[in-house]
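To start, the structure under review is shown below, and the notes come after it.
Set out below in structure tokens:
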């Protein structure tokens with residue numbers, strides 16, 4: 001799952017997968033603006049088959065770690081169903 005997040009992040013932001021770390025933020029990733037954040041959200045929703053709430057989308061703008069946290073939470077909830 002984290003490999004999919006990393007590769008999606010790399011594709012959207014034009015980065016090498018090996019350079020992506022959990023502490024990356026919009027302040028440290030030049031192309032991480034609101035438009036590319038929505039592209040990331042859409043790609044992750046399509047890849048994992050769930051929809052994210054507005055509060056999740058806003059929270060995920062904080063860091064790569066937050067992106068992973070929210071995706072993990074949704075994946076765990078989907079597995080329970």
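Numbering (UniProt numbering), first residue to last: 1 to 81.
Even for Gly, the Cβ is constructed at its ideal location relative to N, Cα and C.
None of these values were measured; they are calculated from a predicted model.
First through last residue of the alpha helix (DSSP H) which encompasses residue i
i	result
residue 35	34–48
residue 24	Careful: residue 24 lies outside any alpha helix (DSSP H) and carries neither H nor E.
Reduced DSSP secondary structure (H/G/I, E/B, other) of residue i
i	result
residue 63	coil
residue 54	helix
residue 71	helix
residue 17	helix
residue 8	helix
Spatial distance of residue i from residue j (CA atoms)
i	j	result
residue 31	residue 43	16 Å
residue 88	residue 12	This structure leaves residue 88 out entirely; the chain is present only between 1 and 81.
residue 59	residue 34	13 Å
residue 71	residue 52	9 Å
Buried/exposed call for residue i, threshold 16 Cβ in 10 Å
i	result
residue 41	buried
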